[in-house]
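Offset between the sequence shown (1-based) and the working numbering: plus 308. Notes to accompany the following structure.
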Amino acid sequence: MAQFADMRGFEHPSFAPLRLRDADDNDHEFHFRSLLLGDQLSLEAFELATDDEPTGYRFQILGEAGSEPFALLGQLIQKMKRALSMKHLQADAGRLQIAEMTVRGRLESNGDEGASQPCVIIDGRRIEWEDLGAMLLAFEGWQFRLEMLDPSDEA
309 MAQFADMRGF
319 EHPSFAPLRL
329 RDADDNDHEF
339 HFRSLLLGDQ
349 LSLEAFELAT
359 DDEPTGYRFQ
369 ILGEAGSEPF
379 ALLGQLIQKM
389 KRALSMKHLQ
399 ADAGRLQIAE
409 MTVRGRLESN
419 GDEGASQPCV
429 IIDGRRIEWE
439 DLGAMLLAFE
449 GWQFRLEMLD
459 PSDEA
């Protein structure tokens, strides 16, 4: 890909894992990877499950292929800190509820090949589609706006 983007000699930057705290004072360890996507450099940060599969929080930022990787990393870390400082779910009588009027998260496949419903990742935790629906019932009769954003955009 580097030769097609006229980026001969491009080397993928390597970054050490980073621990950040969320709004509940829980630690999250993020691993990084870079991808050259034509004329764009993508930096991604993600948490790993025990089987080395990405899980939980995941972030991405895009820059021009010739961008300084450490400058992009700084922007990505600021984006991560902003997201981790927000809390969208809260426990109420042992059940998760929507904390405020806005919920931000990521839509994902639920992992079952034959499944027809996705799951969502909110506050770094997997929420099944039915459970999200149950949380939304607290707002029955209200209007809502559903907006889809590219993973590199800030929600």
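In this text, a Cβ means the ideal position worked out from N, Cα and C, and glycines have one as well. Bear in mind the structure is a predicted one, so any value in this text is a computation, not a measurement.
Secondary structure of D360 (DSSP, three-state): coil. Going by C-alpha positions, R403 is about 44 Å away from E376. As DSSP reads the structure, V428 sits in a beta bridge with L415 and I435.
Scanning its chain for C-beta atoms nearer than 6 Å, with the 5 sequence neighbours on each side dropped, one finds around L326 the residues F338, in chain order. For G422, the three-state secondary structure derived from DSSP is coil. Judged by beta-carbon spacing, L370 lies within the 8 Å limit of Q348, meaning their Cβ atoms are closer than that value. Here DSSP, grouped into helix, strand and coil, assigns L440 to helix.
Boundaries cannot be given for L457, as no beta strand (DSSP E) includes it and DSSP labels it neither H nor E. L381 sits away from F452, with the two beta carbons spaced by 8 Å or more.
Going by beta carbons, H396 and R412 fall inside the 8 Å limit. Counting along the chain, the unbroken beta strand (DSSP E) around F338 starts and ends at D335 to L345. In this structure, L351 lies near S342, with their beta-carbon atoms less than 8 Å apart.
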